[in-house]
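Colleague:
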Amino acid sequence: MVVTNRRDPQVVRDIISAAIVLHDLPFKFVEWSWIRRLIEYLCDDVTLVSRNTVKANVLMLFSREKQKIKTLLENTPGRICLTSDLWTSINTDEFLCLTAHFLDGNWILQKKVLNFCIMLPPHDGVSLAHKIYTLLCEWRIEKKIFSITLDNASSNKSFIDILKTQLNLKNALVSDEDFLHIRCCAHIVDLIVQDGLKEIDDVVLKICDCIRYIRGSQVRKQTFLGCCKQVSLKSKIGLKQDVPTRWNSTFLMLQSAIYYRHAWCSLELSDNNFKHCPSPSEWEKVQKIIIFFVIFL
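If you count the sequence shown from 1, you need to add 5 to reach this note's numbering.
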């Protein structure tokens, strides 16, 4: 029996390509001197590649994986449920995310992100319908759709009306369109909570101002930590800053503020510039809204 330490060069290239994608590495990763030395040491029979070659390998890997998903969707015995949403980057670019949910031939629930692509303006119903229908045709699943779950954006009504018409032309809908449009439960809950937050808008703004003030300088941070020690509170929990579009982040912010309530009161006594500390009645409102929030988590 002959034992060999030879590695399959294609497998090595695929592993490197997958690592670059999964770990968000630059293509020039393969040109870093010590990475090349490591590859040469472990696999001396593997030819080292350039960033352009590894870029081509990543695209080939993407094409292979896409074909696997196409085959899986094609062989799915039942209908496919979709979810779709628009994501906004820090550069205010809009991206469309389209996800498929379905039972495969072994009755295992599958979830596959089909597309995460830039969505150029306008973001109206006509543009969304055209974009998503084009993607469905690309995946060859336009005749297998059961439902699509969307948020309650006003543009989605016209989008659904247009999509219904397009799918009806191919006789692709189940039960005369009754199940096509599903409204996102998480978005409905978000609207409920955001409406509830309006009851304490002033207090939330005060707490945001307080957190920004404390975090605004290293000296104020140290003063705040000293106040925490005075009232025997752990400083590791930390003050949380909310994200306006994520109500659960507001919950975490208010929860951390309640925890540090007495430290804030101590800071108010020692720092004349700390002017936005909530009053006792406002703290009571925050406590009540936190209890209300827990139901929706």
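Yeah, the Cβ is synthetic: ideal placement off N, Cα and C, and Gly gets one too.
Remember, it's a predicted structure, so these values are computed and weren't measured experimentally.
(1) Should glycine 130 be labelled buried (16 or more other beta-carbon atoms within 10 Å of its own) or exposed?
(2) Which ranges does the beta strand (DSSP E) cover as unbroken runs of at least 3 residues, wholly within the stretch 132-211, from first to last along the chain?
(3) Can you name the residues that DSSP bridges to glutamine 115?
(4) Given a cut-off of 8 angstroms on the beta-carbon distance, is the pair valine 224 and phenylalanine 301 in contact?
(5) Within a Cβ cutoff of 7 angstroms, which residues of the same chain sit near phenylalanine 229, ignoring the five residues on either side of it in sequence?
(6) Heavy atom of the ligand HEM less than 7 angstroms from the Cβ of asparagine 253, yes or no?
(7) Report the three-state DSSP secondary structure of cysteine 102 (helix, strand or coil).
(8) So for phenylalanine 298, helix, strand or coil by DSSP?
(9) So with Cβ pairs under 8 angstroms, would you call serine 55 a contact of chain D?
(10) In three-state DSSP terms, what is threonine 97?
(11) For cysteine 254, collect the residues of the same chain with a Cβ closer than 6 angstroms to its Cβ; drop the 5 residues on either side in sequence, then sort them by chain order.
(12) Leaving aside the five residues before and after cysteine 86 along the sequence, list all residues of the same chain whose C-beta is less than 6 angstroms from its C-beta, in chain order.
(13) Spatial neighbours of lysine 117 within its chain, please: CB distance less than 6 angstroms, with the 5 preceding and 5 following residues excluded, ordered by chain position.
(14) Can you name the residues that DSSP bridges to aspartate 90?
(15) Are there 16 or more other CB atoms within 10 angstroms of the CB of asparagine 62, so buried, or fewer, so exposed?
(16) Compare the C-alpha of alanine 134 against each of Thr97, Thr93, His186 and name the closest.
(17) So what's asparagine 57 in DSSP terms, helix, strand or just coil?
(18) Using CA atoms only, rank isn't needed, just tell me which of Pro31, Ile40, Asp50 is closest to valine 16.
(19) In whole angstroms, give me the CA-to-CA distance for isoleucine 20 and leucine 119.
(20) Taking 8 angstroms as the threshold (C-beta atoms), are leucine 257 and isoleucine 146 in contact?
(21) What is the DSSP secondary structure of isoleucine 242, reduced to helix, strand or coil?
(22) Measure the CB-CB distance between lysine 33 and arginine 18 and report whether it falls below 8 angstroms.
Modeller: In brief:
(1) Label assigned to glycine 130: buried.
(2) Within the stretch 132-211, the complete beta strand (DSSP E) segments at least 3 residues long are 150-155, 186-188, listed from N- to C-terminus.
(3) Answer is Phe107.
(4) One thing to note: valine 224 has its Cβ no nearer than 8 angstroms to the Cβ of phenylalanine 301.
(5) Hits under 7 angstroms: Ile219, Ala268, Leu272.
(6) As presented, the structure is devoid of all ligands, the ligand HEM included, so that no description of it is given.
(7) Reduced to three states, the DSSP call for cysteine 102 is strand.
(8) The answer is helix: DSSP assigns phenylalanine 298 an H, G or I state.
(9) Going by chain labels, chain D is absent from the structure shown, which holds only one protein chain.
(10) In the structure shown, threonine 97 adopts coil according to DSSP, grouped into three states.
(11) The question names cysteine, yet the displayed sequence has serine at residue 254. Result list for serine 254: Asp247, Val248, in chain order.
(12) Excluding sequence neighbours, cysteine 86 sits near His106, Phe151, Ser152.
(13) Within the same chain, lysine 117 has close Cβ partners Ile74, Ala105.
(14) DSSP, once it has assigned bridges, lists Cys102 as partnering aspartate 90.
(15) It counts as buried.
(16) The residue with the shortest Cα to Cα distance from alanine 134 is His186.
(17) Three-state DSSP puts asparagine 57 in a helix.
(18) Asp50 is the residue among Pro31, Ile40, Asp50 whose C-alpha sits nearest the C-alpha of valine 16.
(19) Each residue's alpha carbon lies about 22 angstroms from the other.
(20) No. Outside cutoff.
(21) Assignment of isoleucine 242 by DSSP, reduced to helix, strand and coil, places it in the coil class.
(22) The beta carbons of lysine 33 and arginine 18 sit no closer together than 8 angstroms.
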